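Peer 1:
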Amino acid sequence: MDFVSNLWLGFSVAALPINLLFCFIGALLGTLIGVLPGIGPLATVSMLLPITFYLDPVTALVMLAGIYYGASYGGSTTAILVNLPGESSAVVTCLDGYQMARQGRAGSALAIAALGSLFAGCVATLVIALFSAPLGSIALNFQPADYCSLMIFGLVASIIIARGSTVKAIAMVLVGLLLGVIGTDLNSGQMRYTMGLADLIDGLGFVGVAMGLFGIAEIARNLEHPEAKRSVMARIERLWPTALDFKRSWKSVLRGTAVGSALGVLPGGGAVLSAFAAYTLEKKVSADPDRFGKGAIEGVAAPESANNAGAQTSFIPLLALGIPSNSVTALMAGAMMIHGIAPGPQVMTRQPDLYWGLIASMLIGNLMLVIINLPLIRLWVQLLKVPYRLLYVGILCFCLIGAYGVNQSVFDLYVLCLFAFLGFILHKLDCEPAPLLLGLILGPLLEENLRRALLLSHGNWSVFATHPVSLFFLLLSAVMLLLIFLPNVSKNRKEAFQEAD
Amino acid sequence: MFMSKDFWAGVVFAVIGATGLVQGISLERGTASHMGPGYFPMMLCLAMLAIASVLIVRSAVVRYQDRLSLTGIWPLILICLSIIAFALLLEPAGMVIAMPVAVLIAGCACLDSRRSEVLASAIGLTVFCIAVFRYGLELPIPVLPNF
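Sequence order for the protein chains is A and B.
Going by the working numbering, the first residue of the first sequence is number -1, and it counts up by one from there.
Going by the working numbering, the first residue of the second sequence is number -2, and it counts up by one from there.
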């Protein structure tokens, strides 16, 4: 069977010692930054991008993916033990997880969270393997106009999940697209917006932009608030759930996995959205919703399974269509470009070892994560005692080396500085940086396909409405945009984000 | 109005859009069927200017709005300075000088910082980074001053 032989190929790649090693490093780093509040997968992946330049593309992607799904494991530890989300995807886990810890059931919560994540991770990997290939083969027949509309759909989705004003998010996408224009125009060979700087001929270094906007600007924001007193850390008595906890949670794990796998695929979806949706669903279907918020195991099991499933299935749009659906997968797309691989459906056919190797590594990585997390939990807890004042200088140093390391160019350090400043100011103006990053990555692709589509149609813009696929994505984008301007939906959206804070 | 976040966001986007238009004026625009290098950026800049004007008009009309506050800009400035110092020093003086200087400047950004800890991390991080990145991962980063 095709599927089995493909997966076999994947495992033979993922089981190479070097890939196993970097899968482990990725999972370990992911757990580490997941446990530590104040540094997320976005900052870490952008910090490590330049280093992956020196690795094989498969190895690099395996490690970066490990960081992303590893972070959702690590985040739950902090959420349960100290009532702080180590990771934004673990916000909901705090609600019931910390209550369980206060009742002396921390071990049970941690174990269910880890086992639920393992199950969800394995299922999500199979979902990726099953669905991305057929989706990709459909996408291979896409015309330039279809691609254009698909990208517009992706950008609109990033606007919708951005917190704060929609108008500003649209403007941020435009800024990103415009920054993507900088450099040599591929069709005419003309320089655009390079301002005579030789360093800009190949375009604006995307690593510096991402690291500045997410890594450094985040440090500055964290330093603004004096370190909060951390609540008393709960003790871990026994690390195995009781039979009752098992009985109560297995259905929640199944539901959480389903919700997470489905929502992760949506553009803009991913770990955070999935966790919220799963918790809400769990509360709705529960016979006794009053237990929630007071230490219900279902309130830990469902969101933890969901965030891991969502983190993983958010790779489907990237792998099958070449369209990243959130900022982390946007950085992964950047990593592929650094290695000279254009993300898209052709990766599957041209580089099956990379494609299936990455998928297989996710299964292996999930197993490693349970081993990293459960027996070593006491070690991770010690990490929480490291104060931020020691942490941030280290993060800064890695960013400095990373930014310089991509091209050994001092210019990239100035880009880093400029975007750190810009990122902070834009944050103060309630403009989220994620849409900008997506715009920057998709910009060149969007322009190229737009030009090609209009060249083929002899300048007739109606081509976007006459191609059925293109029309479908455009209508979907229009509906989504209209929906968030409706007063009722925009109110709900505001509330959802407030809960997330 | 002049203190609101919307107003300043509008100003920032207007400046970016206008700069894009002015800088791109010499680029050939072409027609829709044969787009020149200037077509796509011009579309973007015009859209950006339109959004900027929406934001600015909105800030003039809406009564109660979030005010812009720049608290916490000091840590940011110190961190930017530390990046610039690293950029200036790295190629002439190498990591042994650039990195401790960067850490010392950045260390001032946190109110809780203690002098001894900053000093220790300046030395520790420099040694660690040289060991891991230069000798472990073999990144071509200058380590020693280049006279």
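Where is the CB? At the ideal position from N, CA and C, for every residue including glycine.
Bear in mind the structure is a predicted one, so any value in this text is a computation, not a measurement.
1. Since S70 (chain A) sits in a beta bridge, which residues does DSSP pair it with?
2. Buried or exposed for F(-1) (chain B), please, with buried defined as at least 16 other CB atoms from any protein chain shown within 10 angstroms of its CB.
3. Per DSSP, R64 (chain B) forms a beta bridge with which residues?
4. Is the separation between the beta-carbon of P137 (chain B) and that of R190 (chain A) shorter than 8 Å?
5. When DSSP builds the beta bridges, which residues end up paired with M189 (chain A)?
6. So with CB distances below 7 Å, who are the chain A contacts of V51 (chain B)?
7. Which two residues bound the contiguous alpha helix (DSSP H) that contains L501 (chain A)?
8. Tell me whether the beta-carbon of I102 (chain B) lies closer than 8 Å to the beta-carbon of L75 (chain B).
9. CA-CA distance, M170 (chain A) and P442 (chain A)?
10. Any C-beta of chain B within less than 8 Å: which residues of the stretch 162 to 187 of chain A qualify?
11. Would you kindly report the start and end of the unbroken alpha helix (DSSP H) that includes R348 (chain A)?
12. Taking 8 Å as the threshold (beta carbon to beta carbon), is D428 (chain A) in contact with chain E?
13. Exposed or buried, what is M193 (chain A) when buried is set at 16 or more other beta-carbons lying within 10 Å of its beta-carbon?
14. When you compare the CB of V11 (chain A) with every CB in chain B, is at least one pair closer than 8 Å?
15. Does DSSP put G262 (chain A) in a helix, a strand or coil?
16. Just how far apart, CA to CA, sit L411 (chain A) and I81 (chain B)?
17. Using CA coordinates, which residue listed in B:D3, B:G104 and B:F83 is at the minimum distance from V58 (chain B)?
18. The stretch 184 to 218 of chain A: which residues have C-beta closer than 8 Å to a C-beta of chain B, in chain order?
19. Helix, strand or coil: which one does DSSP assign to G291 (chain A)?
20. Return the residues of the stretch 20 to 41 of chain A that lie within a Cβ-Cβ distance of less than 7 Å from chain B, sorted by chain order.
21. Could you spell out where the alpha helix (DSSP H) holding S475 (chain A) opens and where it closes?
22. Going by beta carbon distance, what residues of the same chain come within less than 6 Å of A418 (chain A), once the five residues before and after it are set aside?
23. For Q380 (chain A), is the classification buried or exposed, using 16 other Cβ atoms within 10 angstroms of its Cβ as the cut-off for buried?
24. Going by the DSSP bridge assignment, what does G213 (chain A) pair with across the sheet?
25. Which residues in chain A sit within 7 Å of V154 (chain B), going by Cβ to Cβ distance?
26. Near I168 (chain A), which residues of its chain fall below 7 Å by C-beta distance, leaving aside the five closest residues on each side in sequence?
27. Round the Cβ separation of I439 (chain A) and A309 (chain A) to the nearest angstrom and send it over; I've been treating them as touching at under 8 Å.
28. Residues of chain B with CB closer than 8 Å to the CB of A418 (chain A), please, in chain order.
29. Report, in whole angstroms, the separation of the C-beta atoms of P83 (chain A) and G73 (chain A), which I expect to be a contact under 8 Å.
30. So, under 8 Å CB-CB, S325 (chain A) and G262 (chain A) are touching, yes? Tell me the CB distance rounded to an integer number of Å.
31. Contact criterion: CB-CB distance below 8 Å. Does L438 (chain A) meet it with respect to chain B?
32. Grouping DSSP H, G and I as helix and E and B as strand, with all else coil, what is F204 (chain A)?
33. Give me the Cα-Cα distance between V2 (chain A) and A358 (chain A), rounded to the nearest whole angstrom.
34. Going along chain B, which residues have a C-beta under 8 Å from C146 (chain A)?
35. Between L361 (chain A) and R161 (chain A), what straight-line distance do the alpha-carbon atoms span, to the nearest angstrom?
36. Who are G254 (chain A)'s beta bridge partners in DSSP?
Peer 2: Quick look at the numbers:
1. Numbered from 1 along the first sequence, position 72 holds the residue referred to as residue 70 (chain A). The partner list for S70 (chain A) (beta bridge, DSSP) is empty, contrary to what the question assumes.
2. Along the second sequence, one-based indexing puts residue -1 (chain B) at 2. The residue is exposed, with fewer than 16 neighbouring Cβ atoms inside 10 Å.
3. Position 67 of the second sequence holds residue 64 (chain B). According to DSSP, which records beta bridges pairwise, R64 (chain B) is partnered with B:S1.
4. Position 140 of the second sequence, counted from the first residue, corresponds to residue 137 (chain B). Position 192 of the first sequence, counted from the first residue, corresponds to residue 190 (chain A). Not a contact, by the Cβ cut-off of 8 Å.
5. Within the first sequence, the letter at position 191 stands for residue 189 (chain A). Looking at the DSSP assignment, M189 (chain A) forms a beta bridge with A:T182.
6. What you label residue 51 (chain B) is simply residue 54 of the second sequence in a count that begins at 1. For V51 (chain B), the chain A residues whose C-beta falls within less than 7 Å of its own C-beta are V165, listed in chain order.
7. Chain A is shown only over -1 to 499; residue 501 (chain A) falls outside these bounds and no answer can be derived.
8. Numbered from its first residue, the second sequence carries residue 102 (chain B) at position 105. Numbered from its first residue, the second sequence carries residue 75 (chain B) at position 78. Against a cut-off of 8 Å, the Cβ pair of L75 (chain B) and I102 (chain B) comes out as a contact.
9. Translated into positions along the first sequence, residue 170 (chain A) becomes position 172. Translated into positions along the first sequence, residue 442 (chain A) becomes position 444. The alpha-carbon atoms of M170 (chain A) and P442 (chain A) are separated by roughly 16 Å.
10. Under the 8 Å Cβ criterion, the stretch 162 to 187 of chain A contributes S163, V165, K166, I168, A169, L172, V173, L175, L176, V179, D183, N185 and S186.
11. Indexing the first sequence from 1 puts residue 348 (chain A) at position 350. Note, R348 (chain A): alpha helix (DSSP H), Q344 to R348.
12. The structure shown contains no chain E; the protein chains it does contain are A and B.
13. As a first step, residue 193 (chain A) is located in the first sequence; it is residue number 195 there, counting from the start. Exposed is the call here.
14. Mapped onto the first sequence, residue 11 (chain A) falls at position 13. V11 (chain A) is outside the set of residues whose beta carbon lies under 8 Å from a beta carbon in chain B.
15. Position 264 of the first sequence, counting from 1, holds the residue named residue 262 (chain A). Helix, per DSSP.
16. The residue you call residue 411 (chain A) lines up with position 413 of the first sequence. The residue you call residue 81 (chain B) lines up with position 84 of the second sequence. Rounded to whole angstroms, L411 (chain A) to I81 (chain B) spans 7 Å at the Cα level.
17. Within the second sequence, the letter at position 61 stands for residue 58 (chain B). Answer by Cα proximity: B:D3.
18. N185, S186, Q188, R190, Y191, M193, I214, A215, I217 and A218
19. Numbered from 1 along the first sequence, position 293 holds the residue referred to as residue 291 (chain A). Note: G291 (chain A) maps to coil in three-state DSSP.
20. none
21. Translated into positions along the first sequence, residue 475 (chain A) becomes position 477. Residues P466 to F483.
22. Position 420 of the first sequence holds residue 418 (chain A). Around A418 (chain A): G210, I214 and A215.
23. Position 382 of the first sequence holds residue 380 (chain A). Classification for Q380 (chain A): exposed.
24. Along the first sequence, one-based indexing puts residue 213 (chain A) at 215. Note: G213 (chain A) sits in no beta bridge, so no partner.
25. Because chain B here runs from -2 to 144, residue 154 (chain B) falls outside it and cannot be looked at.
26. Position 170 of the first sequence holds residue 168 (chain A). Short of 7 Å from the beta carbon of I168 (chain A), and not among the five residues preceding or following it, lie these beta carbons of its own chain, in chain order: I157.
27. Working through the first sequence from its first residue, we reach residue 439 (chain A) at position 441. Working through the first sequence from its first residue, we reach residue 309 (chain A) at position 311. Not really, about 19 Å apart at Cβ, beyond 8 Å.
28. Position 420 of the first sequence, counted from the first residue, corresponds to residue 418 (chain A). Simply L73, I76, C77 and I80.
29. Residue mapping note: residue 83 (chain A) aligns to position 85 of the first sequence, counting from 1. Residue mapping note: residue 73 (chain A) aligns to position 75 of the first sequence, counting from 1. G73 (chain A) and P83 (chain A) do touch by the CB rule: their CB atoms are close to 6 Å apart, below 8 Å.
30. What you label residue 325 (chain A) is simply residue 327 of the first sequence in a count that begins at 1. What you label residue 262 (chain A) is simply residue 264 of the first sequence in a count that begins at 1. So it is not a contact: roughly 14 Å between Cβ atoms.
31. Numbered from 1 along the first sequence, position 440 holds the residue referred to as residue 438 (chain A). Not one chain B Cβ lies under 8 Å of L438 (chain A).
32. For the purposes of this step, residue 204 (chain A) is identified with residue 206 of the first sequence, where counting begins at 1. Reduced to three states, the DSSP call for F204 (chain A) is helix.
33. Counting from 1 along the first sequence, the entry for residue 2 (chain A) is found at position 4. Counting from 1 along the first sequence, the entry for residue 358 (chain A) is found at position 360. Each residue's Cα considered, the two are about 12 Å apart.
34. Counted from its first residue, the first sequence places residue 146 (chain A) at position 148. Under a criterion of Cβ atoms nearer than 8 Å, no residue of chain B is adjacent to C146 (chain A); the nearest Cβ is some 11 Å distant.
35. Within the first sequence, the letter at position 363 stands for residue 361 (chain A). Within the first sequence, the letter at position 163 stands for residue 161 (chain A). The alpha-carbon atoms of L361 (chain A) and R161 (chain A) are separated by roughly 32 Å.
36. Position 256 of the first sequence, counted from the first residue, corresponds to residue 254 (chain A). Per DSSP, none; premise fails for G254 (chain A).
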